[in-house]
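These protein sequence lines are chains A and B, in that order. For the first sequence, the working numbering begins at 161 and goes up steadily by one. For the second sequence, the working numbering begins at 594 and goes up steadily by one. Working notes, beginning with the structure itself.
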Amino acid sequence: MLDIKSLRANVGDKEILRGIDLHVGAGEVHAIMGPNASGKSTLAHVLSGRENYQVTGGSVTYQGKDLLAMAPEIRAREGIFLAFQYPIEIPGVSTTYFLKAALNAVRKHRGQDELDAMEFLALIKDKLSLVQMSQTLLNRPLNEGFSGGEKKRNEILQMAVLDPTLAILDETDSGLDIDALRIIAGGVNALRSPNRAMIVITHYQRLLDYIVPDFIHVLYNGRIVKSGSKDLALELERKGYDWIKSEVAAAQ
Amino acid sequence: MLASESKEPYLAAFEQMRAAGAFSGPAWLEQLRQAGIASFDGLGFPTLKNEDWKYTNIEPIAAQSYVQPNGEVQSVHGAELLTRALVETAAPRLVFVNGVYLPALSRTADLPRGLRLGSLAEFVKRDDGLVADELGRHASAEGQPFVALNTAFLGDGAVAALAPGCRLEQPIYLLFISTSATARPVISHPRILLLLGAGSEAKIVESYLGVSGKAYFCNAVTELVGGADSVVEHFRLQQESDKGFHVGTFDASLARGCHMTAHAVTLSGALVRNNLRVRLNGEGAECVLNGLYLADGKQHVDNYTLIEHVSPRATSLELYKGLLGGSAHGVFNGKIVVHKDAQKSDARQTNKNLLLSDSAVIDSKPQLEIYADDVKCSHGSTIGQLDADAIFYLRSRGLDAPAARSLLSFAFASDVVRRLGIENLRQRLDEYLVDRFGAWL
């Protein structure tokens, strides 16, 4: 589904990604862990097409197509979804308005009929229960005045409605208490399917107790320096990231 | 043209109308008009040298020569105009065309108890003291040339008076239409008097609509008197035409415990200037001011607001937002004065502007004058383009860049509209905004 080969990217003059190789197959859940400033969020943004990141080398193939050649909205319509670490607040437009417009843009691209207000409402009501979100939040301005947990639930709700093929969760656990984390993980788990792949980016092992990945990769200094099964997360939890840093230093 | 030259036609027109007996009515009204023309003669039209007018050149208004229609009204398509002016047809309303009252389009039957609603001319004719006591006491001709001009040519307008304790369920609509009635540009000077008795409650909508393809000038003055503990929501909507000039003065005096919300929404017009002045005269009076101005092409919209905290413990909360495209020019000049006895005043002012093109211009000038020592005052002004993070967020959900920009423009404007307490109007304005910015739908 997704093939990342020798991907290099800059922010300004600074090289952040320094040769990433990653293969994600349909139905797989990959966790990407790593210390702060290792390039985790940069990878998420490069995959979703953020403008202020320059790709300087390598390739990303998504469902046989050149992902890096696509505009952000085309990536979204082709089934890529990024759950933001810091969802944006947009006063003046409700989640309902915004999400209906987004869904219809996606459906149009996929050759499906656009939904009218009634059909959309029925769909969204169904998805609300996934993240235990109240309907009143839908009519409030998008993310404005939402708590951290509400914002993250809203991200997962959007994911459920847009029905992506590849979901990228960027530090979805940051700033959440344990109850909110459980609810969000429950929503994410309900969305796991053989047709949908996920990349879960996190600093802490805690999230992976609830969203159990098939593979774990450790990103450090812009490269994936270690890959393994879910047991790797436990090892990281126990030993921290320093032993990885020493290993990398020794290898150089 | 010199200021002295541009005022001459008005002085001459005044003399001519007076000689022709156009100004009938009681002596107090005659005095008011005389004082008005004397003030205007002394002031002339404001120039850019005047600090309060420094960003708005009113030369296009002053350079035109106008006629003032007196009684003749050409036929208008009533139902269509009511719809365009966002008037709720079941609610009480007064309709004016080029400043002339049109009973046939108005709706004044079966008014709720405690409400007196009618044309200013009717009230003057009855002359029972109600109007004589208040007219001209609030919107002063002193230092305000357009109020002086309006007062000099005082003819018709609207009066709504609520008895103490009267609570209206339906809003009152006052509609002012400008059309091409004659071969020459038309001028009108609507005068509106809104009197809220103690403890009364009302929602009042002034809707200005231009349907003329020619230049015209609407010079409106509203005086609002908020009695003790009254609650009033006032809404001013301007949809003037591409060649329409509008100067609108809104002057409110609020007594103890009065709560006023005043919205000013400008959707179109060649040159629009709003002068809003609120005096928080009584202790604990509150005002909430919301403004939205949208301008495109070569339109010019200037909002001048002056809030005076006169008594202690009054609060004012002001939010004005502007969205400017094309080569439009927007102005926000917001002044707050806290007088020396107005301790514990709480005043907050925010002005936010969004520039949608490189050639759009905004001048934003907040001013605080504080003479009391125990007050909370803040002001903030922002000017910017659409937020790149927000655009990316929307694109990452599948909306293309133009759709993301129009959705964010809509959101920026809708943020003001959602504060409207008149449900029907709020929905219709939202629909208007979707139409105007809604490429994303």
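Even glycine gets a Cβ: it sits at the ideal position worked out from N, Cα and C.
Where residue i falls, given that 16 or more other Cβ within 10 Å makes a residue buried
{"i": "residue 225 of chain A", "result": "exposed"}
{"i": "residue 580 of chain B", "result": "Residue 580 of chain B cannot be examined here, being either before or after the span of chain B that is shown, 594 to 1034."}
{"i": "residue 594 of chain B", "result": "Bear in mind that the predicted position of residue 594 of chain B carries a pLDDT of just 47, short of 50, making it unreliable; the figure below should be weighed with that in mind. Burial call: exposed."}
{"i": "residue 703 of chain B", "result": "exposed"}
{"i": "residue 836 of chain B", "result": "buried"}
{"i": "residue 349 of chain A", "result": "exposed"}
{"i": "residue 389 of chain A", "result": "exposed"}
{"i": "residue 834 of chain B", "result": "buried"}
{"i": "residue 278 of chain A", "result": "exposed"}
{"i": "residue 673 of chain B", "result": "exposed"}
{"i": "residue 648 of chain B", "result": "buried"}
{"i": "residue 271 of chain A", "result": "exposed"}
{"i": "residue 799 of chain B", "result": "buried"}
{"i": "residue 602 of chain B", "result": "exposed"}
{"i": "residue 682 of chain B", "result": "exposed"}
{"i": "residue 404 of chain A", "result": "buried"}
{"i": "residue 205 of chain A", "result": "buried"}
{"i": "residue 190 of chain A", "result": "buried"}
{"i": "residue 670 of chain B", "result": "exposed"}
Within-8 Å CB hit, residue i to chain B
{"i": "residue 318 of chain A", "result": "yes"}
{"i": "residue 306 of chain A", "result": "no"}
{"i": "residue 411 of chain A", "result": "no"}
{"i": "residue 322 of chain A", "result": "yes"}
{"i": "residue 208 of chain A", "result": "yes"}
{"i": "residue 350 of chain A", "result": "no"}
{"i": "residue 211 of chain A", "result": "yes"}
{"i": "residue 237 of chain A", "result": "yes"}
{"i": "residue 232 of chain A", "result": "yes"}
{"i": "residue 277 of chain A", "result": "no"}
Where the alpha helix (DSSP H) through residue i begins and ends
{"i": "residue 643 of chain B", "result": "Per DSSP, residue 643 of chain B belongs to no alpha helix (DSSP H) and is neither H nor E."}
{"i": "residue 238 of chain A", "result": "That residue, residue 238 of chain A, is in no alpha helix (DSSP H); it is neither H nor E in DSSP."}
{"i": "residue 984 of chain B", "result": "981-988"}
{"i": "residue 340 of chain A", "result": "338-350"}
{"i": "residue 206 of chain A", "result": "200-208"}
{"i": "residue 633 of chain B", "result": "620-636"}
DSSP bridge partner residues for residue i (one or two, in chain order)
{"i": "residue 958 of chain B", "result": "B:926"}
{"i": "residue 301 of chain A", "result": "A:254"}
{"i": "residue 856 of chain B", "result": "B:828, B:883"}
{"i": "residue 972 of chain B", "result": "B:942"}
{"i": "residue 226 of chain A", "result": "A:221"}
{"i": "residue 911 of chain B", "result": "B:882, B:942"}
{"i": "residue 867 of chain B", "result": "B:841, B:896"}
{"i": "residue 815 of chain B", "result": "B:785, B:843"}
{"i": "residue 765 of chain B", "result": "B:797"}
Test: residue i CB closer than 8 Å to a CB of chain A
{"i": "residue 1005 of chain B", "result": "yes"}
{"i": "residue 1034 of chain B", "result": "In this prediction, residue 1034 of chain B scores a pLDDT of 49, lower than 50, which makes its location untrustworthy; the coordinate-derived value is nonetheless stated afterwards. Residue 1034 of chain B counts as touching chain A."}
{"i": "residue 803 of chain B", "result": "no"}
{"i": "residue 857 of chain B", "result": "no"}
{"i": "residue 912 of chain B", "result": "no"}
{"i": "residue 986 of chain B", "result": "yes"}
{"i": "residue 1028 of chain B", "result": "no"}
{"i": "residue 1018 of chain B", "result": "no"}
{"i": "residue 989 of chain B", "result": "yes"}
{"i": "residue 1011 of chain B", "result": "yes"}
{"i": "residue 1000 of chain B", "result": "yes"}
{"i": "residue 584 of chain B", "result": "Within the shown structure, residues of chain B are numbered from 594 to 1034, placing residue 584 of chain B beyond reach of any answer."}
{"i": "residue 983 of chain B", "result": "yes"}
{"i": "residue 887 of chain B", "result": "no"}
{"i": "residue 594 of chain B", "result": "The predicted position of residue 594 of chain B is uncertain, since its pLDDT is 47 and thus under 50; a value taken from the coordinates is nonetheless stated next. Not an interface residue."}
{"i": "residue 992 of chain B", "result": "yes"}
Boundaries of the beta strand (DSSP E) in which residue i is found, first to last residue
{"i": "residue 895 of chain B", "result": "893-902"}
{"i": "residue 1015 of chain B", "result": "No beta strand (DSSP E) contains residue 1015 of chain B, which DSSP labels as neither H nor E."}
{"i": "residue 358 of chain A", "result": "357-361"}
{"i": "residue 370 of chain A", "result": "No beta strand (DSSP E) holds residue 370 of chain A; the alpha helix (DSSP H) holding it covers 366-370."}
{"i": "residue 165 of chain A", "result": "162-171"}
{"i": "residue 193 of chain A", "result": "189-193"}
{"i": "residue 951 of chain B", "result": "Per DSSP, residue 951 of chain B belongs to no beta strand (DSSP E) and is neither H nor E."}
Integer-rounded CB distance, given that residue j should sit under 8 Å from residue i
{"i": "residue 722 of chain B", "j": "residue 759 of chain B", "result": "With a Cβ gap of about 19 Å, residue 722 of chain B and residue 759 of chain B do not count as contacting."}
{"i": "residue 872 of chain B", "j": "residue 903 of chain B", "result": "6 Å"}
{"i": "residue 370 of chain A", "j": "residue 345 of chain A", "result": "3 Å"}
Distance cut-off 7 Å: residue i Cβ against heavy atoms of the ligand HEM
{"i": "residue 639 of chain B", "result": "Ligands are entirely absent from the displayed structure, and the ligand HEM is therefore not among its contents."}
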